[in-house]
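Participant:
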Amino acid sequence: MPVGTLGAVKGLSVDALSGLGAQLMLANLYHLSLRPGIDVIDRLGGIHAFTGWSGPILTDSGGFQIWSLASLRKVDDGGVTFRSHLDGDELRFTPESVVAAQHRMGVDIAMVLDECPPWPISEADAEISLARTSRWAETARRAWEETPESVSGLRAGGLFGIVQGSVYPRLRARAVEVLTGLDFAGYAVGGVSVGEEMVHRHAVVEMTAPLLPAERPRYLMGLGTPQDILHAVTWGIDLFDCVLPARNARHGTLFTDQGVIKIKNARYLDDPRPVGPPGSPLAGTSRAFLHHLFRTKEITGPVLATLHNLHHYLDFMRRLREGIKLGKLSELAGAMASRYADGETGGASA
RNA sequence: GGAGGUGUGGCCGAGUGGACAAUGGCAGCAGACUGUAAAUCUGCCGGGCUUCGCCCUACGGUGGUUCGAAUCCACCCGCCUCCA
Numbered sequence: 245m246p247v248g249t250l251g252a253v254k255g256l257s258v259d260a261l262s263g264l265g266a267q268l269m270l271a272n273l274y275h276l277s278l279r280p281g282i283d284v285i286d287r288l289g290g291i292h293a294f295t296g297w298s299g300p301i302l303t304d305s306g307g308f309q310i311w312s313l314a315s316l317r318k319v320d321d322g323g324v325t326f327r328s329h330l331d332g333d334e335l336r337f338t339p340e341s342v343v344a345a346q347h348r349m350g351v352d353i354a355m356v357l358d359e360c361p362p363w364p365i366s367e368a369d370a371e372i373s374l375a376r377t378s379r380w381a382e383t384a385r386r387a388w389e390e391t392p393e394s395v396s397g398l399r400a401g402g403l404f405g406i407v408q409g410s411v412y413p414r415l416r417a418r419a420v421e422v423l424t425g426l427d428f429a430g431y432a433v434g435g436v437s438v439g440e441e442m443v444h445r446h447a448v449v450e451m452t453a454p455l456l457p458a459e460r461p462r463y464l465m466g467l468g469t470p471q472d473i474l475h476a477v478t479w480g481i482d483l484f485d486c487v488l489p490a491r492n493a494r495h496g497t498l499f500t501d502q503g504v505i506k507i508k509n510a511r512y513l514d515d516p517r518p519v520g521p522p523g524s525p526l527a528g529t530s531r532a533f534l535h536h537l538f539r540t541k542e543i544t545g546p547v548l549a550t551l552h553n554l555h556h557y558l559d560f561m562r563r564l565r566e567g568i569k570l571g572k573l574s575e576l577a578g579a580m581a582s583r584y585a586d587g588e589t590g591g592a593s594a
């Protein structure tokens, strides 16, 4: 899922996004609640009509903002109260209000409100946090059936639960048990991509993914680097979202099969080689030109780089799906992993 | 011709006796970024070294005052503005 927090992938039109073959876009309830506000989206006929994106949309609930905006919120058993990062306004999210808001926008996949705990965290604190997240999940699941009063009369398509429990196997297992008992349309693994080391990240996937029902989608929230995705796919994860390809593109880092290209580096000043492989959006764009666009701060630089990175990621996922279909995932994953390891400029992260 | 102003590191621009190799910004070089408070942030940025320190060269030029000068004085050079 390309990430379009405010309803758009930064730098791309909906046409450009669908041209890349994107199937599902992620948006964010916290950010959309502040601007333009759910009422506005409701009045305009829901999030698809509002954004013009006709493909599926998943909205994150604001649980991640409990972590990322930790200094601007207060959590209690009933929910979370944010102080807007824009103007300090109070914004109250409860499990029920979050479900209702996503119904009103008519999103395809709604996420329950969860508490994304920080890292590091003790097992005792993680357990307290998980207990709250679990109660919220039950509340959200009950609220899900209630039809909201909305202008658009829309409903969300499905509700996903979010497995928390930090790095602790006992807690992750308990979380899975609670959530599967509530019968969600899909299950997400949350609480990663909060600054933890790769070993922890991978351990969480390995201890959680196998416990999730095989017939429901498994969504790993917030990841990741190509290496992270490769690892998670081999462990049975189906769905990903990550700001990395889009954000890094805007910051001048391009993902390729050979590793990472930092296009702003002086070495690309007169590099005639194309940015992307044949058939990709930037197959006809030289590294020298893209370097020039970044150096001169042309808006087109970040836009083209975003096209490139999203294409690379979506193509990467396409190849993995193909590998799964052919029953050759482990072969493919092994080959890809070694390529990233041997990349000319190294992998995406240490 | 007269009057006034000004000259600082690649550029712009602070600094008007010691805390100054000299605030900022730009440019330059590199790094970071994982459910987006991010077209953002961080580091380096006169030269050399044994780089939490030392040495050299530096605030238009020359000379001087002073224990000490980018800062004060004299002369010279350049540039700008106004008047004629």
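Numbering-wise, the first sequence is residues 245 to 594 according to the working numbering. Beta carbons are placed, not taken as given, at the ideal position from N, Cα and C, and that holds for glycine.
List the endpoints of the continuous alpha helix (DSSP H) containing Arg-379.
Facilitator: The count along the first sequence starts at 1 and reaches residue 379 at position 135. That run of the alpha helix (DSSP H) goes 367 to 388.
Participant: For Ile-481, collect the residues of the same chain with a Cβ closer than 7 Å to its Cβ; drop the 5 residues on either side in sequence, then sort them by chain order.
Facilitator: For the purposes of this step, residue 481 is taken as residue 237 along the first sequence, with counting starting at 1. Excluding sequence neighbours, Ile-481 sits near Val-449, Ala-453, Arg-462 and Leu-464.
Participant: Quick check on the DSSP output: the alpha helix (DSSP H) that includes Ile-285 runs from which residue to which?
Facilitator: Taking the first residue of the first sequence as 1, we reach residue 285 at position 41. 282 to 287 is the extent of the alpha helix (DSSP H) around Ile-285.
Participant: At a cut of 8 Å, does the region 426 to 433 reach the region 375 to 387 through at least three beta carbon pairs?
Facilitator: Touching, per the Cβ criterion.
Participant: Could you give the C-beta distance for Asp-304 and Met-269, rounded to a whole number, given that I count them as a contact under 8 Å?
Facilitator: By 1-based counting over the first sequence, the position of residue 304 is 60. By 1-based counting over the first sequence, the position of residue 269 is 25. About 11 Å; that fails the 8 Å criterion.
Participant: Under a Cβ-count criterion, where at least 16 other Cβ atoms within 10 Å of its own Cβ denotes burial, should Ser-257 be classed as buried or exposed?
Facilitator: Numbered from its first residue, the first sequence carries residue 257 at position 13. Classification for Ser-257: exposed.
Participant: Measuring alpha carbon to alpha carbon, tell me which residue in Thr-478, Val-487 and Pro-525 is nearest Gly-571.
Facilitator: One-based indexing of the first sequence puts residue 571 at position 327. Out of Thr-478, Val-487 and Pro-525, Thr-478 has the C-alpha closest to the C-alpha of Gly-571.
Participant: Can you tell me which residues form a DSSP beta bridge with Arg-531?
Facilitator: Residue mapping note: residue 531 aligns to position 287 of the first sequence, counting from 1. For Arg-531, which the question treats as bridged, DSSP gives no partner whatsoever.
Participant: Compare the Cα-Cα distances from Ile-285 to each of Gly-323, Ala-345 and Gln-267 and report the closest residue.
Facilitator: In the first sequence, counting from the first residue as 1, residue 285 sits at position 41. Here the closest residue by C-alpha is Ala-345.
Participant: Among Pro-518, Ile-507 and Leu-261, which residue has its Cα nearest to the Cα of Thr-540?
Facilitator: Residue mapping note: residue 540 aligns to position 296 of the first sequence, counting from 1. With distances taken between Cα atoms, Thr-540 lies closest to Ile-507.
Participant: At what residues does the alpha helix (DSSP H) containing Leu-513 begin and finish?
Facilitator: Your numbering for residue 513 matches position 269 in the first sequence. From DSSP, Leu-513 is part of no alpha helix (DSSP H); its letter is neither H nor E.
Participant: Can you check whether the CB of Glu-359 is closer than 8 Å to the CB of Val-319?
Facilitator: Counted from its first residue, the first sequence places residue 319 at position 75. Counted from its first residue, the first sequence places residue 359 at position 115. Yes, the Cβ-Cβ distance between Val-319 and Glu-359 is below 8 Å.
Participant: Once you ignore the five residues that flank Ala-400 on each side, which residues in its own chain have a CB closer than 6 Å to its CB?
Facilitator: The residue given as residue 400 occupies position 156 in the first sequence. Only Gln-346, His-347, Val-351 and Ala-354 meet the Cβ criterion.
Participant: On the three-state DSSP scale, how would you describe Thr-497?
Facilitator: As a working mapping, residue 497 is identified with position 253 in the first sequence. In this structure, Thr-497 counts as strand in the three-state DSSP scheme.
Participant: The beta strand (DSSP E) spanning Gly-238 covers which residue range?
Facilitator: Residue coverage of the chain in this structure runs from 245 to 594, which leaves residue 238 outside it and unanswerable.
Participant: Which residues share a DSSP beta bridge with Val-477?
Facilitator: Your numbering for residue 477 matches position 233 in the first sequence. None, per the DSSP bridge assignment.
Participant: For Phe-484, which three-state DSSP category applies?
Facilitator: The sequence position of residue 484 within the first sequence is 240, counting from 1. It is a strand residue.
Participant: Pull up the DSSP beta-bridge partners for Lys-318, would you.
Facilitator: Translated into positions along the first sequence, residue 318 becomes position 74. Beta-bridge pairing links Lys-318 to Thr-325.
Participant: In whole angstroms, give me the CA-to-CA distance for Ala-527 and Glu-334.
Facilitator: As a position in the first sequence, residue 527 is number 283, starting the count at 1. As a position in the first sequence, residue 334 is number 90, starting the count at 1. Going from the Cα of Ala-527 to the Cα of Glu-334 covers about 48 Å.
Participant: What are the boundary residues of the alpha helix (DSSP H) that Val-433 is part of?
Facilitator: Residue numbering aside, residue 433 sits at position 189 when the first sequence is read from its first letter. Where Val-433 is concerned, there is no enclosing alpha helix (DSSP H), although the beta strand (DSSP E) it sits in stretches over 430 to 433.
Participant: Is the region 360 to 380 touching the region 408 to 423, taking contact as three or more C-beta pairs under 8 Å?
Facilitator: They touch, by the three-pair rule.
Participant: List the residues that DSSP assigns as beta-bridge partners of Tyr-463.
Facilitator: Position 219 of the first sequence, counted from the start, is the residue given in the question as residue 463. Paired residues: Ala-432 and Leu-483.
Participant: Going by the CB atoms, is the gap between Asp-485 and Val-324 shorter than 8 Å?
Facilitator: Along the first sequence, one-based indexing puts residue 324 at 80. Along the first sequence, one-based indexing puts residue 485 at 241. Not closer than 8 Å, so no.
Participant: Quick check: the Cα distance between His-495 and His-536, rounded to an integer number of angstroms?
Facilitator: Counting from 1 along the first sequence, the entry for residue 495 is found at position 251. Counting from 1 along the first sequence, the entry for residue 536 is found at position 292. Spanning the two alpha carbons is a distance of roughly 14 Å.
Participant: Does the beta-carbon of Thr-391 have 16 or more other beta-carbons within 10 angstroms, so that it is buried, or is it exposed?
Facilitator: Counted from its first residue, the first sequence places residue 391 at position 147. The residue is exposed, with fewer than 16 neighbouring Cβ atoms inside 10 Å.
Participant: Determine the DSSP secondary structure at Thr-303, reduced to helix, strand or coil.
Facilitator: Within the first sequence, numbered from 1, the residue matching residue 303 stands at position 59. Note: Thr-303 maps to strand in three-state DSSP.
Participant: Going along the chain, which residues of its own chain have a beta-carbon closer than 8 Å to the beta-carbon of Ser-317, five neighbours each way excluded?
Facilitator: Locating residue 317 in the first sequence gives position 73, counting from the first residue. The residue you asked about is not Ser; residue 317 is Arg in the sequence shown. Once the five neighbours on either side are set aside, the close Cβ partners of Arg-317 are Gln-309, Ile-310, Val-324, Thr-325, Phe-326 and Arg-327.
Participant: If you count every other CB in all the chains shown that lies within 10 Å of the CB of Ser-394, and 16 or more means buried, which is it?
Facilitator: Stepping through the first sequence from its first residue, residue 394 is reached at position 150. By the neighbour-count rule (16 or more Cβ atoms within 10 Å), Ser-394 is buried.
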